[in-house]
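In my numbering, the protein residues as written are 27 to 128.
Accompanying notes for the structure given below.
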């Protein structure tokens, strides 16, 4: 059910593979896969986006950080999947920059 998937994403995407996340401190496979996927995407977006308090990181810098967090905070397979699809990611980023929102 789509509502359950969305609830899982909202509720669990700040959990960590090693149990140090929140709100419940659950770990590993107990974290729903959809939340593990979004956790990787959320951190990648935060790293590659410019914010008032920081410059945007390059994709390569961001991939390196994700690899460092892999297995500890982030699902190793989800990180590998994102990096393996780096060219698709770059195409999406390019399209977003070229198409203004609104």
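Idealized CB from N, CA, C, for every residue including glycine.
Cβ-based burial, residue i [other Cβ within 10 Å; buried from 16]
i	result
residue 88	buried
residue 30	exposed
residue 57	buried
residue 69	buried
residue 98	exposed
residue 64	buried
residue 137	Past the edges of the chain, shown from 27 to 128, lies residue 137, and the structure says nothing about it.
residue 45	exposed
Within 9 Å, strictly: CB atoms of residue i and residue j
i	j	result
residue 91	residue 108	no
residue 116	residue 43	no
residue 35	residue 60	yes
residue 37	residue 53	no
residue 100	residue 66	yes
residue 96	residue 106	yes
Three-way DSSP call (helix, strand, coil) for residue i in this model
i	result
residue 95	helix
Residue-chain proximity (residue i, chain D), Cβ-Cβ < 9 Å
i	result
residue 81	No chain D is part of this structure, which consists of one protein chain only.
Near the ligand MN: residue i beta-carbon under 8 Å from a heavy atom
i	result
residue 65	In terms of ligand content, the structure shown is empty, and the ligand MN therefore cannot be addressed.
CB-CB length for residue i against residue j, believed under 8 Å
i	j	result
residue 112	residue 85	7 Å
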